[in-house]
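Notes for the one structure printed next.
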Amino acid sequence: MQISVGILTISDKGSKGERIDESGRVIKEIVEEKLEARVKKYEVVPDEKGTIIEKLKELVNDGIDLIFTTGGTGLSPRDVTPEATREVIDKEVPGIEEAMRMKGLEKTPHSMLSRGVAGVSKGSLIVNLPGSPKAVRESLEVVLPAVPHALDIISGRGGECGRQ
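Throughout, the working numbering is defined as the position within the sequence shown, counted from one, plus 149.
Structure (structure tokens):
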């Protein structure tokens with residue numbers, strides 16, 4: 150099964166064309182190389198909670214299997230990606246969040262300041278990645294091995310998690 154992927158970069162400057170979206174490009178390259186995946190949707194939007202919610206819901210309603218956001222997970226007043234994501238997901242997947250922060254802590258104590266969340270909305274897995282290309286690479290390194298199994302479980306195709 151080919152995995153459909155949506156990428157949503159959250160960046161005020163990027164949405165205005167004032168900054169090149171390197172992190173979204175990194176996500177696209179890695180998921181197409183490491184997963185049997187095809188990026189079907191890719192968009193850059195401003196740090197506006199309502200817009201992020203709207204775009205996430207569109208991706209979910211379009212049947213996208215795996216949705217990655219990048220940006221907006223920090224502590225600045227404009228960082229609202231986790232709050233928007235929580236309004237869209239039906240259930241949180243805290244292990245993904247924890248694994249990304251733990252991986253980041255190997256490199257920098259600043260990783261503990263990331264507020265990214267992960268969760269399921271209908272048949273889609275949504276994962277908030279950090280905003281820097283380096284942190285995106287590190288996070289995907291730890292997350293991607295679990296993604297195919299997660300998507301099998303979400304879709305009802307997978308077996309029990311504890312069985313080999």
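We put the beta carbon where it would ideally sit given N, CA and C, even for glycine.
Item                                                                                                                                                                : Value
Under DSSP, the alpha helix (DSSP H) around E290 begins and ends at which residues?                                                                                 : 282-292
Is it buried or exposed for M249, if we count other Cβ within 10 angstroms and need 16 for buried?                                                                  : buried
Whose C-beta lies closer than 8 Å to the C-beta of K240 among residues of the same chain, with five residues either side of it excluded?                            : G268, V269
With a threshold of 7 Å on Cβ separation, who are the neighbours of V175 within its own chain once the five nearest residues in sequence on each side are excluded? : P282, V285, R286
What do you get for L262, buried or exposed, if any count of 16 or more other CB atoms within 10 angstroms of its CB means buried?                                  : exposed
Confirm, please, whether the CB-CB distance from V194 to I152 is below 8 Å.                                                                                         : no
In whole angstroms, what is the alpha-carbon distance linking S172 and T219?                                                                                        : 7 Å
Do the stretch 184-200 and the stretch 209-217 make contact, defined as three or more Cβ pairs closer than 8 Å?                                                     : yes
So what's G212 in DSSP terms, helix, strand or just coil?                                                                                                           : coil
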